[in-house]
Amino acid sequence: MKKNLLSLIALVSLGASASATEQVEVIASRQVADGVTQQVVRNEKGQQYKRFVGVNAPQGAQQSNDNPVVGDTVFYESFEGFATEGKDLNWIPSTWSKKIAPGNEPTAEMISHNINNSWYCYYTGDGQFTPKSNDGECDAYIHYGYKNAQYNLEPVAQDEWLISPVVNMNASGEYYLDFLLAASYFDCYDVNNDWDWNKMQFNKRVVVNTMKVMTSTDEGKTWNEVFDLAKDVIANRTDRECYDTEFTSYLRYQINVSELAGKNAKFAFRYVRDEGEWMGNSMAVDAVKVLHKEPTSINDVKDVAPVVTKIGNTFTVNTNAQSVAVYNIAGQKIAEKSLAADKAIDASEWANGIYILRLSNGTAVKVAK
Numbered sequence: 002m003k004k005n006l007l008s009l010i011a012l013v014s015l016g017a018s019a020s021a022t023e024q025v026e027v028i029a030s031r032q033v034a035d036g037v038t039q040q041v042v043r044n045e046k047g048q049q050y051k052r053f054v055g056v057n058a059p060q061g062a063q064q065s066n067d068n069p070v071v072g073d074t075v076f077y078e079s080f081e082g083f084a085t086e087g088k089d090l091n092w093i094p095s096t097w098s099k100k101i102a103p104g105n106e107p108t109a110e111m112i113s114h115n116i117n118n119s120w121y122c123y124y125t126g127d128g129q130f131t132p133k134s135n136d137g138e139c140d141a142y143i144h145y146g147y148k149n150a151q152y153n154l155e156p157v158a159q160d161e162w163l164i165s166p167v168v169n170m171n172a173s174g175e176y177y178l179d180f181l182l183a184a185s186y187f188d189c190y191d192v193n194n195d196w197d198w199n200k201m202q203f204n205k206r207v208v209v210n211t212m213k214v215m216t217s218t219d220e221g222k223t224w225n226e227v228f229d230l231a232k233d234v235i236a237n238r239t240d241r242e243c244y245d246t247e248f249t250s251y252l253r254y255q256i257n258v259s260e261l262a263g264k265n266a267k268f269a270f271r272y273v274r275d276e277g278e279w280m281g282n283s284m285a286v287d288a289v290k291v292l293h294k295e296p297t298s299i300n301d302v303k304d305v306a307p308v309v310t311k312i313g314n315t316f317t318v319n320t321n322a323q324s325v326a327v328y329n330i331a332g333q334k335i336a337e338k339s340l341a342a343d344k345a346i347d348a349s350e351w352a353n354g355i356y357i358l359r360l361s362n363g364t365a366v367k368v369a370k
């Protein structure tokens with residue numbers, strides 16, 4: 002599938018807007034430049050992440066002027082179930098699943114001490130030290146791998162998947178995956194070895210951490226990558242923009258997944274991080290939606306057979322599709338019919354012109370009366 006990122010859409014929450022400050026414990030610290038210190042901190046919820054403090058601290062992400070696509074919501078997950086169903090830091094919605102890389106499977110004892118390097122859901126942050134979502138009280142969180150001698154936990158490489166249930170995308174038109182993501186653009190690169198603190202710029206931009214979005218139309222047997230945060234977004238930002246886009250900012254993204262129209266699909270958020278104690282940073286996801294947009298013009302109806310078939314007042318559709326939707330030249334739906342019992346279509350009331358027949362099996366044909 003061709004990647005089609007509509008772009009980062011809007012800044013949802015800035016650290017400067019926080020109304021309350023959570024208590025954090027600094028568990029590791031190192032000076033990376035004059036007046037700048039990198040800290041590893043753990044909040045009172047057990048969530049661990051990195052931050053920079055000092056005179057050259059990041060300024061925060063900037064508002065984007067891009068406009069989101071508006072459509073009908075056919076799937077929505079806010080991870081709010083933790084507030085009523087969650088019992089520990091390993092809870093995810095029952096309809097979701099996850100794949101955990103070797104070495105990151107949490108034990109019951111680790112979870113009881115708020116240690117988990119795989120996906121889990123919990124209450125959203127305060128907006129100052131951890132990202133605060135504007136979509137309810139909870140979100141999905143993933144730790145960067147870190148060392149914990151007590152539980153023999155090593156900062157091994159991570160390849161952690163958070164997998165959605167099957168989403169029905171059988172209608173015609175366009176589909177978009179819409180979600181909130183909190184991620185430090187800066188920490189997606191090897192800032193330990195590749196950042197020049199005197200010049201405030203990268204040397205080579207070596208990627209060590211990213212978030213990918215995967216899709217599957219065969220119940221997860223095979224997967225296709227449709228989004229890579231590092232390649233599709235961060236690579237297009239300046240060094241200073243990367244430095245300023247912190248983990249505390251939730252940003253909204255949309256991906257055009259219209260090639261899945263006519264199918265049932267699963268989506269997966271795939272957190273990938275290289276091995277190493279100071280590599281990468283934590284991330285969080287919220288407000289996952291699949292939006293459906295009906296065609297608004299004849300050009301929006303894709304994959305149309307190029308041959309125009311001449312029809313009369315009635316005609317028969319020879320297909321294994323279960324239903325058909327009919328659009329006029331302006332992209333307006335004028336009729337819809339089940340083909341399960343009868344494949345004949347009455348066109349006696351149609352004006353002379355060109356029409357598109359969108360079939361439920363994902364194909365379309367062009368006809369003229």
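Remember, the working numbering sits 1 above the position in the sequence shown when you count from 1. A virtual CB, placed ideally from N, CA and C, is assigned to each residue, including glycine. Please read all numbers here as calculations on a predicted model, not as lab measurements.
Residue i (DSSP reduced to helix, strand or coil)
| i | result |
| --- | --- |
| Ile235 | helix |
| Ile256 | strand |
| Ser30 | strand |
| Met111 | helix |
| Tyr1 | Because the chain is modelled from 2 through 370, residue 1 falls outside the range shown and cannot be assessed. |
| Leu9 | Low per-residue confidence applies at Leu9: pLDDT is 47, beneath 50, and the placement is therefore not dependable enough to give any value. |
| Ala84 | helix |
| Val305 | Residue confidence is low: Val305 scores 43 on pLDDT, short of 50, so the model does not pin down where it sits. Its coordinate-derived value is still stated next. Looking at Val305 - three-state DSSP - the assignment turns out to be strand. |
| Trp351 | coil |
| Asp245 | helix |
| Leu90 | coil |
| Leu358 | strand |
| Leu163 | strand |
| Asn300 | Since pLDDT at Asn300 reaches only 45, below the 50 mark, its modelled position is unreliable, and the value read off the structure follows with that caveat. Correct three-state label for Asn300: helix. |
| Ala369 | strand |
Assumed close pair residue i, residue j - CB separation to whole angstroms, cut-off 8 Å
| i | j | result |
| --- | --- | --- |
| Gly354 | Ile335 | Their Cβ separation, rounded to whole angstroms, is 11 Å, which puts Gly354 and Ile335 out of contact at 8 Å. |
| Leu181 | Ser134 | 6 Å |
| Glu278 | Tyr147 | 6 Å |
| Met280 | Tyr244 | The pair is not a contact, with the Cβ atoms about 17 Å apart (cut-off 8 Å). |
Nearest to residue i (by Cα), restricted to the options the options
| i | options | result |
| --- | --- | --- |
| Ala102 | Tyr272, Lys88, Gly281, Asp240 | Tyr272 |
| Asn319 | Cys243, Gln333, Ala341 | Ala341 |
| Gly87 | Thr74, Gln48, Tyr124 | Tyr124 |
| Val27 | Ala34, Val54, Gly36, Asp35 | Val54 |
| Ala326 | Ala285, Ile256, Val368 | Val368 |
| Val234 | Glu81, Tyr147, Val214 | Val214 |
| Asp240 | Asn314, Lys294, Asp191 | Asp191 |
| Phe270 | Asp73, Gly36, Glu78 | Glu78 |
| Thr223 | Phe268, Val208, Leu154 | Phe268 |
| Asn171 | Ala322, Ile346, Ala352 | Ala322 |
| Gly36 | Tyr147, Ser173, Asn199 | Asn199 |
| Met212 | Asn118, Val41, Glu242, Ala231 | Ala231 |
| Gln24 | Gly146, Arg31, Val42, Tyr152 | Val42 |
| Ala183 | Ser339, Tyr356, Leu252 | Leu252 |
| Lys99 | Gly221, Trp279, Glu242, Gly332 | Gly221 |
| Asn115 | Arg274, Ser324, Gln48, Phe80 | Gln48 |
| Gly332 | Asn149, Phe187, Gly174, Ser95 | Gly174 |
| Ile312 | Ile346, Lys338, Tyr328 | Ile346 |
| Asp229 | Ser95, Cys189, Ser349 | Cys189 |
| Leu358 | Pro94, Lys338, Asp197, Trp196 | Lys338 |
| Ser250 | Ala29, Gly126, Ala34 | Gly126 |
| Glu260 | Ser119, Tyr176, Glu350 | Tyr176 |
| Asp136 | Phe80, Ala150, Glu161 | Phe80 |
| Ser185 | Tyr328, Asn237, Arg52, Ser349 | Arg52 |
| Ala236 | Gln255, Val208, Tyr254, Ile256 | Val208 |
Beta-carbon gap between residue i and residue j smaller than 8 Å
| i | j | result |
| --- | --- | --- |
| Tyr258 | Leu178 | In the sequence on display, residue 258 carries Val and not Tyr. It is a contact, given that the beta carbons lie within the stated cut-off. |
| Asn282 | Asn210 | yes |
| Val1 | Asp140 | Coverage of the chain is limited to positions 2 through 370, which leaves residue 1 absent and any answer about it impossible. |
| Trp97 | Pro156 | no |
| Ala84 | Glu45 | no |
| Asn169 | Val227 | no |
| Ala262 | Thr216 | no |
| Gly72 | Leu292 | yes |
| Asn194 | Gln159 | no |
| Thr317 | Lys344 | yes |
| Trp92 | Tyr50 | no |
| Tyr152 | Met111 | yes |
| Thr218 | Lys264 | yes |
| Arg31 | Tyr145 | no |
| Asn117 | Pro107 | yes |
| Val33 | Gln39 | yes |
| Phe187 | Thr246 | yes |
| Glu161 | Ser95 | no |
Residue i beta carbon near the ligand ATP (any heavy atom closer than 7 Å)
| i | result |
| --- | --- |
| Arg43 | Among the components of this structure there are no ligands whatsoever, and the ligand ATP is therefore not found. |
Residue-level contact to chain D via CB, residue i, 8 Å cutoff
| i | result |
| --- | --- |
| Tyr124 | Reference to chain D is not applicable here, since this structure consists of a single protein chain. |
Which complete beta strand (DSSP E) runs does the segment 178-243 hold, if anything under 3 residues is left out?
Counting only runs of 3 or more, we get 210-217, 225-229.
Continuous alpha helix (DSSP H) assignments of at least 4 residues falling wholly in the segment 266-291
Runs of the alpha helix (DSSP H) inside the segment 266-291: none found.
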